[in-house]
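Those sequence lines, one after another, are chains A and B.
Heads up, the first sequence stops at 118 in my numbering, and the numbers go up one at a time, no gaps.
Heads up, the second sequence stops at 636 in my numbering, and the numbers go up one at a time, no gaps.
Ideal placement from N, C-alpha and C gives every residue a C-beta, glycine not left out.
Every value quoted in this text rests on a predicted model; they were computed, and no experiment measured them.
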Amino acid sequence: AAGVIQSPRHLIKEKRETATLKCYPIPRHDTVYWYQQGPGQDPQFLISFYEKMQSDKGSIPDRFSAQQFSDYHSELNMSSLELGDSALYFCASSSATGDANYGYTFGSGTRLTVV
Amino acid sequence: GEDVEQSLFLSVREGDSSVINCTYTDSSSTYLYWYKQEPGAGLQLLTYIFSNMDMKQDQRLTVLLNKKDKHLSLRIADTQTGDSAIYFCAESMDSSYKLIFGSGTRLLVRP
C-alpha cells in the first residue's frame with residue numbers, strides 16, 4: 004500500500020539559509036499534518052491542512068510557513084534557519100471521512116541538520 | 526492543560542512481558558494511541574483506544590485504560606529483540622486531530 008512520502012530524506016543547510024520540505028500524502032487523503040522532533044524529544048505538532056486550508060496550528064515559528072497544494076501535497080518552508088531547527092520533520096496524512104481518530108500514518112521523515 | 530508523561534526507560538529479557546505506562550492530564554482526551562519508533566525511523570502506529578473503552582487486545586499487544594486515574598498502559602507479551610524501540614503514547618481530542626505525544630519510553634530487550 005502507498006504510504007506518506009517525504010522528501011528529501013536528509014538535508015544539510017547552513018545557518019540563515021532556507022529549506023523546503025515536501026510531503027506527498029497517501030492517495031485520497033485530504034489532510035496533512037507536520038510535526039517536528041528534536042534530538043531525544045517527543046514529536047511536536049506544527050501545523051495541519053485540510054482541503055488546502057490551514058486547519059490547526061501548533062508551535063510553529065514565524066520563520067516557518069506551509070501550504071497544501073491542489074494535488075494535496077504539502078510543503079514546509081523554513082527561512083533564516085537556526086541551529087535549533089535541526090530535527091526530524093514528520094508529515095502525516097488522513098482522510099476527513101473519519102479515519103483520523105484511528106491514528107494517522109506518518110512518513111519516514113526528513114532529517115534536517117543546520118550547521 | 527495538555528501533558529503526557531512516560532517513564533524514560535524499560536529493560537526486559539526476551540520472552541518476558543513488557544509493560545509501558547503513560548499518564549495524561551487532559552480529561553477531555555477522546556482517543557489515545559501507542560506509536561513505535563525504531564532508531565532513525567518514522568513513527569509506526571501500533572494501536573489506539575477510545576476513551577469509552579477500558580481494554581483493547583491486538584495479538585501480542587494489550588492496552589489498558591484507566592480513565593479515572595488518566596492512566597494508559599501497553600503490555601507486550603513474549604517480548605522479542607525486534608520490539609526494542611522507543612514507544613510513545615499520544616492523545617487527541619474530538620475538536621482537533623493533532624496529537625500530543627508523551628516523552629517516549631525506550632524499551633531494551635535483552636537476549
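Residue i in three-state terms, based on DSSP
i, result
"residue 75(A)", "coil"
"residue 541(B)", "coil"
"residue 548(B)", "strand"
"residue 526(B)", "Below a pLDDT of 50, predicted positions are generally treated as unreliable, and residue 526(B), at 37, falls in that range; no measurement from the model is reported."
"residue 92(A)", "strand"
"residue 21(A)", "coil"
"residue 49(A)", "strand"
"residue 583(B)", "strand"
"residue 608(B)", "helix"
"residue 107(A)", "coil"
"residue 12(A)", "coil"
"residue 533(B)", "coil"
"residue 632(B)", "strand"
"residue 86(A)", "helix"
"residue 555(B)", "coil"
Close Cβ partners of residue i (< 7 Å) along its chain, the five nearest in sequence each way excluded
i, result
"residue 112(A)", "9, 91, 92 and 93"
"residue 57(A)", "50"
"residue 603(B)", "540 and 585"
Partner residues on chain A for residue i, Cβ-Cβ distance less than 7 Å
i, result
"residue 573(B)", "105 and 106"
"residue 626(B)", "45 and 46"
Contact set for residue i: own chain, Cβ-Cβ below 6 Å, skip 5 residues either direction
i, result
"residue 538(B)", "635"
"residue 126(A)", "Because chain A is modelled from 4 through 118, residue 126(A) falls outside the range shown and cannot be assessed."
"residue 63(A)", "49 and 50"
"residue 569(B)", "561"
"residue 572(B)", "559, 583, 586 and 588"
"residue 82(A)", "21 and 66"
Same chain only: Cβ atoms within 8 Å of residue i, ignoring 5 sequence neighbours per side
i, result
"residue 526(B)", "For residue 526(B), the predicted model reports a pLDDT of 37, less than 50, meaning its position is unreliable; a value from the coordinates is still stated below. Excluding positions up to five away in sequence, the list reads 550 and 551."
"residue 16(A)", "22, 84, 115, 116, 117 and 118"
"residue 89(A)", "41, 42, 115, 116 and 117"
"residue 30(A)", "5"
Span separating the alpha-carbon of residue i from that of residue j
i, j, result
"residue 606(B)", "residue 613(B)", "18 Å"
"residue 61(A)", "residue 543(B)", "33 Å"
"residue 40(A)", "residue 593(B)", "30 Å"
"residue 536(B)", "residue 68(A)", "41 Å"
"residue 616(B)", "residue 532(B)", "16 Å"
"residue 610(B)", "residue 626(B)", "16 Å"
"residue 37(A)", "residue 47(A)", "9 Å"
"residue 598(B)", "residue 19(A)", "43 Å"
"residue 34(A)", "residue 109(A)", "12 Å"
"residue 529(B)", "residue 547(B)", "7 Å"
"residue 574(B)", "residue 105(A)", "8 Å"
"residue 96(A)", "residue 107(A)", "6 Å"
"residue 608(B)", "residue 44(A)", "20 Å"
"residue 71(A)", "residue 99(A)", "15 Å"
Cross-chain neighbours of residue i in chain B, by beta carbon under 7 Å
i, result
"residue 112(A)", "567"
"residue 109(A)", "567 and 568"
Proximal residues of chain B, C-beta to C-beta of residue i below 8 Å
i, result
"residue 97(A)", "622"
"residue 10(A)", "Within chain B, no residue comes near residue 10(A); the closest Cβ sits about 14 Å away, beyond 8 Å."
"residue 51(A)", "622 and 623"
"residue 61(A)", "623"
_Contact set between the segment 32–48 of chain A and chain B, restricted to residues whose Cβ is under 9 Å from the partner_ = 34, 36, 38, 40, 43, 44, 45, 46, 47 and 48
*Output, in sequence order along the chain, the residues in the segment 597–618 of chain B whose CB is closer than 8 Å to any CB in chain A.*
613 and 617
*Going along the segment 63–83 of chain A in order, which residues come within less than 8 Å of chain B, judged by CB to CB distance?*
none
*Which residues, in order along the segment 539–564 of chain B, keep a beta-carbon less than 7 Å from a beta-carbon of chain A?*
Residues 556 and 558.
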